[in-house]
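Remarks on the structure that follows.
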Amino acid sequence: MKELIKLEIGAGKKPRTDFITCDIRALKNVDVVCDTMDLPYDNETVSEIYSRHLIEHFSFKDFLVVLAEWNRVLKTDGEVYIICPNLMWHLNQIINGSHKSFFIKDRGKNDRYWGFGSLFGWQQDSHDFHKFGYYFELLHDILEVMGFGEIQNLTNEEGSMEKAPWHLEVKCKKIKNSPDPLSLDLYNHFDVNH
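The opening position of the sequence shown corresponds to residue -7 in this note's numbering, with each subsequent residue numbered one higher.
Here it is, written out as structure tokens:
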């Protein structure tokens, strides 16, 4: 029996155990330094992909390419678990927080500070900028178009990893091969003339 390959993509500074860690940065805890749009694995060899606070770092178009690549390396019925900022939660923080709360770092008094950091990234290095945001229905529909099914919203649920409403947590399976993202109308969704 072949060994199961489980990847944590965008492992950063806090990797999970029992996963091969992949990141574009050559950090101390990273097993494989690579671009998630070009993973060094053969087709249908990976059983599970875990990604925590990575997808928001890609443009909308690049995220479609990322999903196609994840789909390529995943076995049929392989699982994907995504955690990213919950766009609706953080928009609420900004809308309902006070101006003063932007400048406060004390937990519980800093809605706009967390809202802005989660929407735009903490900007501590050149990779720490957010380029797009997701809420469940949007992420669900994108995953479905890209060949994934059995899509579950685990945000703030008993079975979730983070158990917090500010983390959008979605689990799904590969059910079919992804279409070429460049061939999709969705890929050109934001191509507008101003």
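We put the CB at the ideal spot given by N, CA and C, even for glycine.
Just so we're clear, the structure is a prediction, and the values are computed from it rather than from any experiment.
Problem - Alpha carbon of E129 to alpha carbon of V162, nearest angstrom - result: 11 Å
Handout entry: Cutoff 7 Å: D120 Cβ touching any chain D Cβ
Key = In the displayed structure, chain D is absent; only one protein chain is listed.
Handout entry: Bounding residues of the alpha helix (DSSP H) (the contiguous stretch that carries R64)
Key = F52 to V65
Problem - Which listed residue (L46, F11, F108 and T28) has its alpha carbon closest to that of M80 - result: F108
Problem - Neighbourhood of L59 by C-beta, 6 Å cutoff - its chain only, sequence neighbours within 5 removed - result: M138
Exercise for the section: Find out if the Cβ-Cβ distance for the pair L111, H82 is shorter than 7 Å. Expected result: yes
Handout entry: Spatially closest choice to Q144 from L131, E154 and A156, by CA coordinates
Key = L131
Problem - Beta-carbon proximity check, K(-2) vs F11, cutoff 7 Å - result: yes
Exercise for the section: Compute the distance between the beta-carbons of I41 and V72, then report whether it is under 7 Å. Expected result: yes
Handout entry: Close beta carbons around Y127, own chain, < 6 Å, minus the five adjacent residues each side
Key = L79 and M80
Problem - DSSP state of S175 mapped onto helix, strand, coil - result: helix
Practice task
Could you tell me whether the stretch 21 to 34 touches the stretch 49 to 65, where touching means 3 or more Cβ pairs closer than 8 Å?
Solution key: yes
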